[in-house]
Amino acid sequence: MVMVHYSSPLVTFVSTPRNQTQTQTQTQTRIQNQLSWVETLRSYARADDYTAALSTFISMCNAGVAPNHFAFPAALKAASGLRQLSVGQQLHASAVKHGYSHSMVAVGNTLVTMYARCGDLGGALRVFDKMDQRDQVSWNSLIAALCLYDEWGPALDALRIMLTECSEISSFTLVSILLACSNVAESVGLRLGKEVHAYGLRNGFFTNGKRFTNALISMYAKLGQIEDSISVFQCFENRDIVTWNSMISSLVKNEQYTHAIRTLYDIVQSTEIKPDEFTISSVLPACSQLDLLNTGREIHAHVLKNDNLFDNPFVASALVDMYCNLGRVEVGRFVFDQVPVQRHGLWNAMISGYAQNGLDEEALKLFVDMEVIAGLQPNETTMASVLPAFVKCDAFERKETIHGYVIKRGMEEDRFVQNALMDMYARVGKMDISRRIFYSMDAKDVVSWNTLIAGHVLSGTISEAFELLVEMQSDVNGLKPNIVTLITVLPPCGSLVALAKGKEIHGFSIRHGLNDDVAVGSALVDMYGKCGCLSLCRKVFDEMPKRNSVTWNVLIMAYGMHGHGEEAIKLFNEMISSKEAKPNEVTFIAVLAACSHSGMVHCGLSLFQEMKSKYGVKQTQDHFACMVDLLGRAGELNKSYDLISSMKPGPHMAGAWSSLLGACRIHKNVKLGSIAARHLFELEPDEASHYVLLSNIYAAAGQWREATEVRTLMRLNNVRKEPGCSWIESGNQIHRFMAGESSHPESSRIHSYLVNLWDKMKRNGYIPDVSSVLHDVEDEEKEKILCGHSEKLAIAFGLISKPPGTTIRVTKNLRVCNDCHETAKFLSKMERREIVLRDVRRFHHFRDGVCSCGDYW
DNA sequence: GTAGGGTTAG
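Here our numbering runs 87 ahead of the position in the first sequence, where the first position is 1.
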């Protein structure tokens, strides 16, 4: 027997020496004695003082008093409570020796529960099978055991058999069944749960069973029927603290955060009920969700005033979690450092707090400390929290070694860890391994799908991402795309101008009620803007129930990119006066870029000067770079140059110099252009576009020798020009065209169409701008090269394949050349087609021979 | 009978 050390008045009582000879009185005394022992043992067990109960049992045996059929269940309950399987097994053997065990229902029942609670479900099932007799409690014990191991289906099967064997049903049965109902498929669980509810109503379980009512509240909430939970709660008057806690946690589970906080206030105002550790740890997540830092602080204060609450590990980690979720990582750390009892939950809360706030190195350090200092082995939750920090932390280079660690610790089966690993492989460019993990997973959840889709978006394999989006909806588990999915797939629709796909996703968001979400709405506004559909972009924006800074920024950006500078500034002023969202640094990037694209120099200058004083947004080097662009485009090349010279060195410098270089091409300034290019060759020697621009500038000025020199330099530096590439969506497919290439299946048809079109244009007075061609060859050859430009191929394909009257939307990876710009403008009138051409910088919207940018680009 | 810490996007 395991010895349990404790001191109690009982010890003196049991160690009193006994007489060796037995008289009748002595026998009576002995029986009396046994009764007292057992009674003491049972009262300890009833009071959940398991250590005392076991100790009593041991002393009783040592005193030569045989345990009876009341003693074993009490001792077994104590062993269960202490989760001591070996003690339970010894009790089991001892009970068999004394002739109890399975023949005695009470002992058998307690054995089932003991094995289940001590981590041995198999042992529990074996005992149940061997029992000669079973009563209602036996079945309850079995069902509860199965529920404990998440064997919900078998638990319900057991109930069906039980109903054929037992006529009586107790509140214990009902509570177990309700628990099982909450964890099976919604339709099955809800149907059965409602039957149990009705049964309880008919049989008076409401009047005598708080447990039943509390379980009902939780059951409805877990199955998403929060209205039913609330009505059960409201109809029940005999509420205790568990009832209130069940209601609060149900509300939080169903995202009814405001209601949850209100319920907490109801508790506080009532005199007889006081919030306990369950209340606190249930309600704190609601504070995070609603951004209620002050409410969180009040709760924290309440915890500090009742210091027994702070000893609860759930409360402590919920506080850490709340502060970190609200961005107060340092307060979270302060609380973390105050907690005397170090448990996994607490460490994991702090590690994920660091990781989610981008403090990767702190997260990694704590991950190490957890084992080294606290002696706690990281578990699956730790791993899933820390993996993103490993992936993002530049100081940690050999990312993949972490997979070995995961396997060594036996955590590779965990879904959250697998998802995090998939993300890691996607980010290091190993989509094959990411996919392999995905297809090896038994239970893929929405996050698994989202991670794989995001991986494909990240690695530029967009068609795979779109295919997965479709495949996902036929997943056997009935998974559906969620908000994150939509936010993942909408940006590539915008960048590829895949308008039909974008509209399809928009439709999906409406059908599934996801379009009211700010992030989804903003992504839709952005997508329509990038697809060149200003009207739909505006319509989505206007219909959104809630907008934030991002929403306004993407709308302003869209108007700016389309050359509607005045409108963009008007929207900026509306944003300020609506007070719906505050302008931030990105807002000023958007308005300054808008001014730049529309040549609104004065407006841009005054906004730039006022942004700090009037709007409280600090100027960054990126804003300076916008101003360089604005001045340069407007032809104020010297001012632009002076501004660059005043800028601090940093990664934004390349952008600034390339703005100036671009401006020099527009305004044909060879001298400044070559200065800008020289800086760029140093900063980004591998970037082909710089060489091409400078070469263009020389060529346009007729300086062919210099132009050739630049091309030679490019060769010497081993820089290869990124091939021009354009996309157009047609027939629910994205078609890609590379400059001078004929890999498209319809290539020859497009080519002959383009030759005819070119002739027709020239007959109608079009003069090709051959200055865009770098090669020093005959004009006829230059025209051939011009006709091979990818955007012309894409526009030609659009004219052939898209129904008359529809808009042609093309996007290009590089800047659109002068001749393609003029061609599109000419075609928009000659072929009576609206053409929207998007390049790396902005939109060119051609209608009836006019470009929205007014040739200012 | 009631409670937590995790993965995806921005």
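We treat Cβ as the ideally placed atom computed from N, Cα and C, and that holds for glycine. Predicted model only: the values in this text are computed from it and were never measured.
Worksheet item: Can we say the region 163-182 touches the region 204-213, given the rule of at least three CB pairs closer than 8 Å?
Response: yes
Worksheet item: From Leu679 to Leu694, what does the alpha carbon distance come to, in whole angstroms?
Response: Here residue 679 refers to the residue found at position 592 of the first sequence. Here residue 694 refers to the residue found at position 607 of the first sequence. Each residue's Cα considered, the two are about 8 Å apart.
Worksheet entry | Beta-carbon proximity check, Ala166 vs Cys205, cutoff 9 Å | The residue given as residue 166 occupies position 79 in the first sequence. The residue given as residue 205 occupies position 118 in the first sequence. Yes. Within cutoff.
Worksheet entry | Cβ pair Gly257, Val283 closer than 9 Å | Position 170 of the first sequence, counting from 1, holds the residue named residue 257. Position 196 of the first sequence, counting from 1, holds the residue named residue 283. Note that residue 257 corresponds to Ser in the displayed sequence, not to Gly. No, the Cβ-Cβ distance between Ser257 and Val283 is not below 9 Å.
Worksheet item: Going by Cα to Cα distance, which pick from Asn341, Thr358 and Ile335 is closest to Arg349?
Response: Your numbering for residue 349 matches position 262 in the first sequence. Here the closest residue by C-alpha is Ile335.
Worksheet entry | Opening and closing residue of the alpha helix (DSSP H) in which Glu467 lies | Translated into the one-based positions of the first sequence, residue 467 becomes position 380. Glu467 to Lys479 is the extent of the alpha helix (DSSP H) around Glu467.
Worksheet item: Relative to the alpha-carbon of Leu642, which residue among Glu653, Leu621 and Pro427 has its alpha-carbon at the smallest distance?
Response: Within the first sequence, the letter at position 555 stands for residue 642. It is Leu621 whose Cα lies nearest to the Cα of Leu642.
Worksheet item: Quick one: what's got a C-beta closer than 7 Å to Ile731's C-beta in the same chain, skipping five residues either side?
Response: For the purposes of this step, residue 731 is taken as the residue at position 644 of the first sequence. If we look at Ile731 and ignore the five residues flanking it on each side, its Cβ neighbours are Val715, Ala743, Trp744 and Leu747.
Fill in: Own chain, CB closer than 6 Å to Tyr441, minus 5 neighbours either side, in chain order
As a working note, residue 441 is residue 354 in the first sequence. Here the set comprises Glu449 and Ala450.
Worksheet item: Could you check where the beta strand (DSSP E) with Ser422 kicks off and where it finishes?
Response: In the first sequence, the residue the question calls residue 422 occupies position 335. Correcting the residue type first, residue 422 is Val in the shown sequence and not Ser. Not the beta strand (DSSP E): Val422 falls in the alpha helix (DSSP H), residues Val416 to Gln425.
Discussion item. Using only CA atoms, which one of Lys699, Met825, Val504 and Met614 lies nearest to Asn671?
Written reply: To locate residue 671, count along the first sequence from 1; it is residue 584. Considering only alpha carbons, the answer is Lys699.
Worksheet item: What's the C-alpha gap between Leu781 and Ser521?
Response: The residue labelled residue 781 in the question sits at position 694 within the first sequence. The residue labelled residue 521 in the question sits at position 434 within the first sequence. Between Leu781 and Ser521, the C-alpha separation is close to 42 Å.
Practice prompt. State the Cα-Cα distance for the pair Thr910 and Leu759, rounded to the nearest angstrom.
Written response: Residue 910 sits at position 823 when you count from the first residue of the first sequence. Residue 759 sits at position 672 when you count from the first residue of the first sequence. So the two alpha carbons sit approximately 29 Å from each other.
Worksheet item: Do Ser596 and Leu573 have their C-beta atoms within less than 9 Å of each other?
Response: To locate residue 596, count along the first sequence from 1; it is residue 509. To locate residue 573, count along the first sequence from 1; it is residue 486. Yes, the pair counts as a contact, with Cβ atoms nearer than the cut-off.
Discussion item. Just verifying my parser: in three-state terms, what is the DSSP assignment at Leu463?
Written reply: As a first step, residue 463 must be located in the first sequence, where it is residue number 376. Leu463 falls in the coil class under three-state DSSP.
Item to complete: Out of Asn412, Leu406 and Asp222, point me to the one whose CA is closest to Phe423's CA.
Response: For the purposes of this step, residue 423 is taken as residue 336 along the first sequence, with counting starting at 1. Per the Cα distances, Leu406.
Worksheet item: Does DSSP put Val174 in a helix, in a strand, or in coil?
Response: Residue 174 sits at position 87 when you count from the first residue of the first sequence. The answer is helix: DSSP assigns Val174 an H, G or I state.
Worksheet entry | Enclosing beta strand (DSSP E) for Ile815 [first to last residue] | For the purposes of this step, residue 815 is taken as the residue at position 728 of the first sequence. Note, Ile815: beta strand (DSSP E), Cys812 to Ser817.
Practice prompt. Provide the residue span of the alpha helix (DSSP H) that contains Lys495, from first to last.
Written response: As a working note, residue 495 is residue 408 in the first sequence. First-last of the alpha helix (DSSP H) with Lys495: Thr488 to Lys495.
Discussion item. Counting C-beta neighbours from all protein chains within 10 Å, is the total for Ala203 16 or more, i.e. buried, or is it exposed?
Written reply: The sequence position of residue 203 within the first sequence is 116, counting from 1. Buried.
Worksheet item: Which stretch, first to last residue, makes up the alpha helix (DSSP H) that contains Met559?
Response: On the first sequence, residue 559 is found 472 positions in, with the first residue counted as 1. It spans Ile549 to Met559 - the alpha helix (DSSP H) in which Met559 sits, taken as one unbroken run.
Discussion item. For Leu924, list the residues DSSP reports as bridge partners.
Written reply: Translated into the one-based positions of the first sequence, residue 924 becomes position 837. Leu924 pairs with Val897 and His931.
Worksheet item: Below 8 Å, can you find three or more Cβ-Cβ pairs linking the region 597-604 to the region 580-588?
Response: no
Worksheet item: Taking the runs of the beta strand (DSSP E) that are 3 residues or longer, which of them lie wholly in the region 595-652?
Response: none
Worksheet item: Can you tell which of Glu252, Leu279, Ala272 and Thr251 has the C-alpha that lies nearest to the C-alpha of Leu261?
Response: Reading the first sequence from its first residue, position 174 is the one you call residue 261. Closest option to Leu261, Cα to Cα, is Leu279.
Item to complete: Could you tell me whether the region 893-900 touches the region 863-870, where touching means 3 or more Cβ pairs closer than 8 Å?
Response: no
Item to complete: Whole angstroms is fine: what's the gap from Trp814's alpha carbon to Tyr785's?
Response: Looking up residue 814 in the first sequence gives position 727. Looking up residue 785 in the first sequence gives position 698. Rounded to whole angstroms, Trp814 to Tyr785 spans 30 Å at the Cα level.
Item to complete: Decide yes or no for the touch test of the region 339-359 against the region 368-379: beta carbon pairs closer than 8 Å, at least 3 of them.
Response: yes
Discussion item. What residue range does the beta strand (DSSP E) around His822 cover?
Written reply: Along the first sequence, one-based indexing puts residue 822 at 735. Counting along the chain, the beta strand (DSSP E) containing His822 begins and ends at Gln820 to Met825.
Worksheet item: Where do the ends of the alpha helix (DSSP H) carrying Gly168 lie?
Response: Along the first sequence, read from residue 1 onward, the residue named residue 168 stands at position 81. Run containing Gly168: Ala158 to Gly168, per the alpha helix (DSSP H) assignment.
Worksheet entry | Simplified DSSP assignment, three categories, for Ser102 | Position 15 of the first sequence, counted from the start, is the residue given in the question as residue 102. Its pLDDT being 35, under 50, Ser102 is placed unreliably in this model, and the coordinates cannot settle the point.
Worksheet entry | For Val152, three-class secondary structure by DSSP | In the first sequence, residue 152 corresponds to position 65, counting from 1. DSSP places Val152 in coil when its eight states are reduced to three.
Worksheet item: So, using beta-carbon positions, are Ser685 and Gly647 closer together than 9 Å?
Response: For the purposes of this step, residue 685 is taken as the residue at position 598 of the first sequence. For the purposes of this step, residue 647 is taken as the residue at position 560 of the first sequence. Going by C-beta atoms, Ser685 is nearer than 9 Å to Gly647.
Worksheet entry | Contacts around Ser102, its chain only, beta-carbon distance under 6 Å, and the 5 residues preceding and following it disregarded | Taking the first residue of the first sequence as position 1, residue 102 is located at position 15. Because the pLDDT of Ser102 is 35, which lies under 50, any placement of that residue in the model is unreliable, and the number read from its coordinates should be weighed accordingly. Same-chain partners within the cutoff: there are none.
Discussion item. Please report the distance separating the alpha-carbon of Arg934 from that of Glu551.
Written reply: In the first sequence, residue 934 corresponds to position 847, counting from 1. In the first sequence, residue 551 corresponds to position 464, counting from 1. In a straight line, the C-alpha of Arg934 is about 34 Å away from that of Glu551.
Item to complete: For Cys904, name the three-state secondary structure that DSSP assigns.
Response: In the first sequence, counting from the first residue as 1, residue 904 sits at position 817. In this structure, Cys904 counts as coil in the three-state DSSP scheme.
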